[in-house]
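**Student:**
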Amino acid sequence: ETVLRKAAELENIRKRTEKEKEEAIKYSNGKFAKDLLSIADNFERVMENSASIKDKTANDTSLKALLDGVLLCKKELLSIFKKHGIFQIEISDGATFDPQCHQAMCEVNSSDHDEGTIIQVLQMGYMHYDRLLRPAMVTVSKKA
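Per the numbering used here, residue -5 is the first one in the sequence shown, and the count goes up by one each step.
Structure below.
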């Protein structure tokens, strides 16, 4: 009986060690990925500001090529993120604040929105597989 119990304990230890090893490999690049998020943020800023110069790119092929190059770099970075299990937290219009994946940076009185509705995304959040890498920074509505 004790021999069977010891064998079962050893098997449980082996399985737990194997699972821990797999998780360590799966999440090993999390810190590196977190460091790269600032690059993704900078691409977002460029894209937000590119709308103001869109009409100028029609007449300036160099400016259009530069903007297209930046867009391709952003697309490639997000593709590499996806390949390694890093995803932007999707926030749809009218989404409700979730403290598990959002960080409220400020609250705004609003009679147009239900309380706790995300009004604006200030900075995108990211997941690394099923773990939060960085919460999305948002503005949330509250009743006046």
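Glycine included, each C-beta is placed from N, C-alpha and C at the ideal position.
From a predicted model like this one, the values you see are computed outputs, not experimental measurements.
1) How many Å lie between D124 and A52 at the Cα?
2) Nearest to V102 by CA position, among D49, G110 and C95, is which residue?
3) Pairing CB atoms from the region 25 to 42 with CB atoms from the region 72 to 81, are three or more of them under 8 Å?
4) When the Cα of H122 is compared with those of E17, N43, D62 and V132, which residue comes out closest?
5) Whose CA, out of K20, C67 and S22, lies closest to the CA of V40?
6) Give the DSSP-derived three-state secondary structure of I80 in the structure shown.
7) Rank C95, G88, G119 and I80 by C-alpha distance to the C-alpha of S104 and give the top, closest one.
8) Provide the residue span of the alpha helix (DSSP H) that contains I19, from first to last.
9) Taking the straight line between their C-alpha atoms, what separation do you get for Y120 and G79?
10) Quick one: residues in its chain with C-beta nearer than 8 Å to the C-beta of Q114, no 5 flanking neighbours on either side, listed in chain order?
11) Where DSSP assigns a beta bridge to E154, which residues make up the other side?
**Tutor:** With the structure as the only source:
1) The residue you call residue 124 lines up with position 130 of the sequence shown. The residue you call residue 52 lines up with position 58 of the sequence shown. If you take the alpha carbons of D124 and A52, they lie about 42 Å apart.
2) As a working note, residue 102 is residue 108 in the sequence shown. Measuring from the Cα of V102, the nearest candidate turns out to be G110.
3) yes
4) Stepping through the sequence shown from its first residue, residue 122 is reached at position 128. Per the Cα distances, E17.
5) The residue given as residue 40 occupies position 46 in the sequence shown. Answer by Cα proximity: C67.
6) By 1-based counting over the sequence shown, the position of residue 80 is 86. In this structure, I80 counts as strand in the three-state DSSP scheme.
7) On the sequence shown, position 110 is the one that residue 104 refers to. Ranking C95, G88, G119 and I80 by Cα distance to S104 puts G88 first.
8) In the sequence shown, counting from the first residue as 1, residue 19 sits at position 25. Looking at the DSSP string, the run of the alpha helix (DSSP H) that includes I19 is T(-4) to K20.
9) For the purposes of this step, residue 120 is taken as the residue at position 126 of the sequence shown. For the purposes of this step, residue 79 is taken as the residue at position 85 of the sequence shown. Roughly 10 Å separates the two Cα atoms.
10) Position 120 of the sequence shown, counted from the first residue, corresponds to residue 114. Around Q114: V132 and T133.
11) Only positions -5 to 138 of the chain appear in the structure, and residue 154 is not among them; the question remains open.
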